[in-house]
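Please read the structure below before turning to the comments.
Numbering (our numbering), first residue to last: 1 to 571.
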């Protein structure tokens, strides 16, 4: 399975080359993590060099000001206009949530941009206000404008759009086909955790939706909030990256042809994708219909037979005959049970199919069957048990990190909002943001640094107030007053944003990492830098220069700070 993504990526590049495309447009998450292993980078660089470099003449003109489009890059030029490079097939890409460099930090997409292999756009260093300028291309008499919005945390982006702090600069080029590339949650997982697909300006012709893995590449007409409509195209992931139902749809890429405002999108089925079959079994229904006996052995034998006669047969139908397509399929069988008797040991079946399927240890997922409309059972008298249940594998598919994170997020909120489980120093929004960074960006320092950061803020608040460090009741009351004051003044949204600002600021994170921290409360509560002793996180020698406070992080050149240089754009 380690080679699956490279095999299919090469097929995509080959399809683009065979169809003589003008350029390739990616919707983010070229990589599964911000800093992938070096062998992964090497394979990617080699494939891009093999298929994207060459002497084929370019027929498209780039009309936008590269100084504004690529302001985050040292070398501000579209790669096929660089006289030091021979580019035959340019790639344009935004970042996703997995390869998100987080504002001023450097990510792998920045390295690809610096190497001249990819044109990376849609990165922002100032999230107070975003003006999205278009990449305008001309070929013959046709113009295409592409807007890129790299991944931004959903609650923050929703708030910015609601407050009018995200502006798309409309081109005045006549008859221009306008595409907006985004990488956000589209599925309605939870409140403020998705972007409505009707939020965009009605003058767009197409919204190219990245992030979601299910392939829905056939254009879907969507009515914009302000009137008018556009189409939403969701290509989905090129391979199955988790064993979820949405990954089971056929994987395709799109060949887009435009002429003026007219377009044609031709789906191209990928031939090298490993077969993936997702299915459900309800044990109570199977027993009711007499398919199996009411004992563990009978249920296991029925499941075994179902895999052989149904799922493996479906997998064989997915073989395309392409010589590079992996033959061992990925199988995922969700088994719904309503009695403990329905759960059986799967080790024998895992051994049986070890050399037949690609994921023998991930084939089965047991989930409790619920009556339609029945509430989820809860143990209100046992909060510890309820918290532990947040992480149980039967609750959610843990091979899908984002779904696992969403489910754990909801359950943690449910648990910690209970009176006896309320946290006094750490905040739930902060821990959930650390959880998000850990699951989608593999940020292993997020949890300890959020804990250190929030503990230090509380200590700075307490130091001038506490006369007797043994007076636990007084300390508890002051901590509760501080927590309530913050919650009342700033609420959950700003608490999340403050933690995001800390995690996005390399200076603050470096201070935390080295045990040196600025005595400055981003909430504005005037936490003093008293000499009454150093709190946790203040070990060591002298103080470093003061870090940047909230809203004053270092920023690269932004569109807002530069005069518009394009003659064919208008707000």
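Glycine included, every Cβ here is placed at the ideal spot set by N, Cα and C.
Candidates the options: which alpha carbon is nearest residue i's?
i           : options               : result
residue 238 : 230, 227 and 251      : 251
residue 230 : 249, 256, 197 and 254 : 197
residue 21  : 183, 460, 187 and 255 : 255
residue 246 : 262, 186, 225 and 223 : 186
residue 242 : 135, 287, 277 and 296 : 277
residue 57  : 23, 505, 133 and 326  : 23
residue 236 : 507, 500, 461 and 29  : 29
residue 130 : 111, 165, 94 and 327  : 165
residue 253 : 364, 273 and 459      : 273
residue 192 : 160, 312, 451 and 132 : 160
residue 427 : 500, 35, 439 and 179  : 500
residue 314 : 302, 328, 324 and 323 : 328
residue 461 : 222, 44, 39 and 485   : 485
residue 98  : 469, 223, 285 and 439 : 439
In angstroms with no decimal places, state the Cα-to-Cα distance between residue i and residue j.
i           : j           : result
residue 446 : residue 466 : 30 Å
residue 270 : residue 425 : 51 Å
residue 472 : residue 442 : 38 Å
residue 359 : residue 300 : 18 Å
residue 12  : residue 194 : 29 Å
residue 455 : residue 487 : 16 Å
residue 338 : residue 362 : 21 Å
residue 518 : residue 240 : Reliability fails at residue 518, whose pLDDT of 44 lies under 50, so the model's placement of it is uncertain and no value is given.
residue 210 : residue 184 : 7 Å
residue 561 : residue 67  : Residue confidence is low: residue 561 scores 36 on pLDDT, short of 50, so the model does not pin down where it sits. Its coordinate-derived value is still stated next. One C-alpha to the other measures close to 12 Å.
residue 343 : residue 287 : 13 Å
residue 2   : residue 275 : 15 Å
residue 227 : residue 336 : 44 Å
residue 88  : residue 206 : 26 Å
residue 480 : residue 474 : 10 Å
residue 6   : residue 436 : 27 Å
residue 464 : residue 458 : 11 Å
residue 59  : residue 353 : 52 Å
residue 217 : residue 4   : 21 Å
residue 323 : residue 100 : 34 Å
residue 257 : residue 263 : 5 Å
residue 476 : residue 482 : 10 Å
residue 302 : residue 345 : 14 Å
residue 8   : residue 444 : 29 Å
residue 221 : residue 179 : 14 Å
residue 212 : residue 478 : 45 Å
Would you kindly report the start and end of the unbroken alpha helix (DSSP H) that includes residue i?
i           : result
residue 298 : 296 to 306
residue 229 : Taken as a continuous stretch (DSSP letters only), residue 229 belongs to no alpha helix (DSSP H), being part of the beta strand (DSSP E) at 229 to 234.
residue 368 : Counting along the chain, residue 368 falls outside any alpha helix (DSSP H), though it belongs to the beta strand (DSSP E) covering 364 to 368.
residue 131 : Careful: residue 131 lies outside any alpha helix (DSSP H), inside the beta strand (DSSP E) at 130 to 132.
residue 320 : Unbroken run through residue 320: none, as it is neither H nor E.
Flag this pair as yes or no: are the beta carbons of residue i and residue j separated by less than 8 Å?
i           : j           : result
residue 70  : residue 31  : no
residue 214 : residue 190 : no
residue 433 : residue 333 : no
residue 151 : residue 175 : no
residue 341 : residue 296 : yes
residue 146 : residue 25  : yes
residue 169 : residue 134 : yes
residue 233 : residue 265 : yes
residue 91  : residue 181 : no
residue 79  : residue 54  : no
residue 495 : residue 430 : yes
residue 177 : residue 261 : yes
residue 127 : residue 162 : no
residue 331 : residue 357 : yes
residue 106 : residue 36  : no
residue 38  : residue 125 : no
residue 62  : residue 33  : no
residue 149 : residue 132 : yes
Along the chain, where does the beta strand (DSSP E) that runs through residue i open and close?
i           : result
residue 206 : 206 to 210
residue 221 : 216 to 223
residue 277 : 276 to 282
residue 168 : 166 to 168
residue 268 : 262 to 269
residue 145 : 142 to 149
residue 457 : Per DSSP, residue 457 belongs to no beta strand (DSSP E); it is in the alpha helix (DSSP H), 446 to 462.
At a cut-off of 7 Å, would you count residue i as near the ligand SAH, judging by its Cβ distance to the nearest heavy atom?
i          : result
residue 68 : In the structure shown, the ligand SAH is absent, as is every other ligand, since no ligand is present at all.
- Take every Cβ of the region 303 to 311, pair it with every Cβ of the region 266 to 283, and state whether three or more of those distances are shorter than 8 Å. yes
- May I ask you to verify whether the region 191 to 206 touches the region 108 to 119, counting CB pairs closer than 8 Å and requiring at least 3? no
- Can you find at least 3 beta carbon pairs, one from the region 132 to 139 and one from the region 10 to 19, that sit closer than 8 Å? no
- Task: Spell out a yes or no on whether the region 342 to 358 and the region 316 to 325 are touching, meaning 3 or more CB-CB pairs, one atom from each, closer than 8 Å.
- Result: For the pair of segments examined, the region 342 to 358 was found not to touch the region 316 to 325: the number of CB pairs separated by less than 8 Å stays below three.
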